[in-house]
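Residues in the sequence shown are numbered consecutively from -4, following this note's numbering. Yeah, the Cβ is synthetic: ideal placement off N, Cα and C, and Gly gets one too. In this text, all values refer to a predicted model and were calculated from it rather than measured experimentally. A quick write-up on the structure given underneath.
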Amino acid sequence: MSLGIFYIIMLVLFLVLLFAGMHIHAVLLSMGVIGIIMLEGPGYITSFLQSNPYKVVASYTLTTIPLFVLMAQFIVQSGIVRDMYALVYKFSKGKSGFLGALTVIIGAFLGAVSGSTTGSSAALGQVAVPELRRHGFRDVTAGSTIAAAGSLSGIIPPSIILILYGVVTETPIGSLFIAAIVPGIMMTIVIIGVMLYFHKTDKRKPLPKVDEEIEAGEIQPLTPLRAGFVVLVGAVIVTVIFGGIYSGVFTPTEAGAVGAFLGFLTALVLGKVNKKFYVESITETVKITSMVLLIMVTAQIFGRFITVSKLPRELINALGPMIEYPVLILVLLSLIYFILFMFIEGGAVIIMATPVLLPIVQEINVDILWFGILVSVICTIGLLTPPVGLSVFAVSGVTGISIERLFGRSMIFAVVLALVVCSLMIAFPAMVTWLPNLM
C-alpha cells in the first residue's frame, strides 16, 4: 500500500470516528495506536506507552494550567464578576451603546484575569444579557456580543491556548503573553464596532416582546467601598501577574500560583469562602485540568504516529512550488486551523496540529512567536463558530437564547474579526513582535 492511500484511509477513519461522536482524546488515541502499529509494529507501541504518558504530564511548565484554572474558578466563585458589571452599569449612566462597549471591555478584562472562556461567558451572560435587553438591546445582539467578549480569553493572557502552544513549540510563555496584548486590544475594538453597528441597526426596528423564559436580572447597587475594592482587585491581579512575569520576579507557573492565591484572598475578603466555594472551585479545576492533560497524552501518541509517517515532510514537499509565496501558505494554514477549530476543542487542535504544521512554518522562515499569536486569534474566532462554539453554547445555556439565532449573529463577529485582525497581522507582523522585542 502506498503512503498516499494510507494517509487517505487514516484521514477518512479519523473523520468517521470524530463525527460518530467519540471524544477527541479517544479519537487521537485510536488513530495513534493504529497508525504506529501499521508503520512500526506492535512491539514499538508497547514500549512507547510504558513511559511516554508519564513524560508528557510530568512537566513543570504544565503546572501553569491547573493554577490559572484554579485562579479563574476562585474569581468566578467570589462573585466579583457581578460586581464588575454593576460598576460598568453605574458608569454607563443609561447610555445603551456605552453600556454595550463597557460590557465588551469587562469581558476582555475577565478573560485577562481568568483565562476561562466558558466561565467568563457564562458569568457575564447571566448578569449582562438581561440588563442589555432592558436598555434596548435585542436578545440575540446582547447574547452574541457577550459570546464574542467571552471568547477573548482565547487570546488575552493568561490564555490556556497560549500556554499549550508554548509547551508544544518550546516558545517562552511570557513572550507569548506580551505579544498577545496588541492583537487582544484590536479584537476588543473590532467586537465593540460590530456590536455598535448591530445595535444601531436594531434600533430602527420595533423591539420584540421579551421572551418569557428569559428573566431580567437585577444589578445589586455597589457601595463606594465595594466598588473601590473591585477596581483594586482587578488592577492588582493583572499587575502582579504581568509585572511579575516580565520583571523576572517569578515564572508563569509561579504567576499562576500567586494569581490563585489572590483570587482566594478576594473571595475570603468578600465572605464567599464556604463548602460550596471549595467544592465547585476544586471540582471544575480537576475536570478542566484532567481534560487538557488527557488530550495532551493522547495527542502525543497521535503526534508520534505523524512523525513516523513523515507526513510533515510530505506536506512540505507538496507545498514546494508555493514556498516562494509565504503569505499564500500562511493563508492556507490559517484556513486549515480555522476548519479544525470549528469542529475540535481549541487545546486539542494546538496539541494535535501544531507539531504537523510547525515544520512548514519554519520552512518559510516565519517567526514561531508571531505564528502562535495568529493561531490563538484563529482559535478565538473558532469559539464563535458552529458546531463547537464553546463561548456561544455557554451564553445560550445561561440565557435560554436559541443557539441557532446566536450562531447566526456570532458568525458575523467571527468573519469580521478574521478579515480585520488576521489580515492586519499578516500584512504587518511587527504589530505582534515589537512589544516582546522591547522586553
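What number of angstroms, rounded off, separates the C-alpha of residue i from the C-alpha of residue j?
| i | j | result |
| --- | --- | --- |
| Leu57 | Ile324 | 31 Å |
| Lys9 | Val292 | Position check: residue 9 holds Phe in this sequence, whereas Lys was assumed. Approximately 17 Å, taken between the alpha carbons. |
| Glu208 | Ile334 | Confidence in Glu208 is poor, its pLDDT being 39 and thus under 50, which makes the residue's placement too unreliable to answer from. |
| His130 | Lys270 | 37 Å |
| Leu159 | Leu289 | 13 Å |
| Leu330 | Met337 | 11 Å |
| Thr278 | Thr261 | 19 Å |
| Leu12 | Ala425 | 41 Å |
| Ala211 | Met66 | Caution applies to Ala211, whose pLDDT of 43 falls short of 50 and renders its modelled position unreliable; the value that the coordinates give is listed next. C-alpha separation (whole angstroms): 29 Å. |
| Glu275 | Pro61 | 14 Å |
| Arg221 | Ala250 | 26 Å |
| Met79 | Ile70 | 11 Å |
| Ala255 | Gly229 | 13 Å |
| Arg299 | Ser146 | 31 Å |
| Ser148 | Leu412 | 15 Å |
| Lys267 | Gln68 | 12 Å |
| Pro247 | Leu157 | 12 Å |
| Val303 | Ile339 | 24 Å |
| His20 | Tyr241 | 34 Å |
| Asn312 | Leu369 | 24 Å |
Select from the options the residue whose C-alpha is nearest the C-alpha of residue i.
| i | options | result |
| --- | --- | --- |
| Val281 | Gly377, Val64, Gly266 and Gly(-1) | Val64 |
| Ser154 | Thr375, Val361 and Ala294 | Thr375 |
| Asp197 | Ala389, Thr136 and Val226 | Thr136 |
| Leu384 | Val393, Met406, Val372 and Pro219 | Sequence inspection shows Gly at residue 384; the Leu mentioned does not correspond to that position. The candidate whose alpha carbon is nearest that of Gly384 is Met406. |
| Ile180 | Thr349, Val416 and Ile355 | Val416 |
| Gly377 | Ala343, Ser91 and Val356 | Ala343 |
| Val393 | Ala413, Val124, Phe193 and Leu369 | Val124 |
| Val390 | Leu34, Lys85, Val52 and Thr112 | Thr112 |
| Ile398 | Pro431, Gly138 and Ser42 | Gly138 |
| Asp134 | Thr164, Leu401, Pro321 and Phe408 | Leu401 |
| Val322 | Asn360, Pro354 and Ser304 | Asn360 |
| Phe193 | Arg404, Val326 and Trp429 | Arg404 |
| Leu191 | Tyr55, Ser91, Ser285 and Tyr49 | Ser91 |
| Lys436 | Leu(-2), Ala96, Leu310 and Pro381 | In this structure the chain extends from -4 to 434, so residue 436 is not present and cannot be described. |
| Tyr23 | Gly315, Ala294 and Gly395 | Here residue 23 turns out to be Leu, not Tyr, going by the sequence shown. Ranking the options by Cα distance to Leu23, first place goes to Ala294. |
| Val162 | Tyr55, Phe272, Ser73 and Met286 | Tyr55 |
Taking the CB atoms as reference points, tell me whether residue i and residue j lie closer together than 9 Å.
| i | j | result |
| --- | --- | --- |
| Met5 | Ile29 | yes |
| Ile176 | Ala144 | no |
| Val372 | Met182 | yes |
| Gly341 | Leu171 | no |
| Phe245 | Ile173 | no |
| Val99 | Ile186 | yes |
| Ile296 | Ile31 | yes |
Which residues mark the beginning and the end of the alpha helix (DSSP H) in which residue i is found?
| i | result |
| --- | --- |
| His194 | Ile176 to Asp197 |
| Lys282 | Lys270 to Ser304 |
| Met66 | Thr59 to Gln72 |
| Lys50 | Pro37 to Val52 |
| Pro247 | Pro247 to Val264 |
| Thr428 | Ala425 to Leu433 |
| Val415 | Looking at the DSSP string, Val415 is not in any alpha helix (DSSP H), and its letter there is neither H nor E. |
| Tyr241 | Pro219 to Ser242 |
| Met337 | Pro321 to Phe338 |
Which complete alpha helix (DSSP H) runs does the stretch 132 to 157 hold, if anything under 4 residues is left out? 134 to 146
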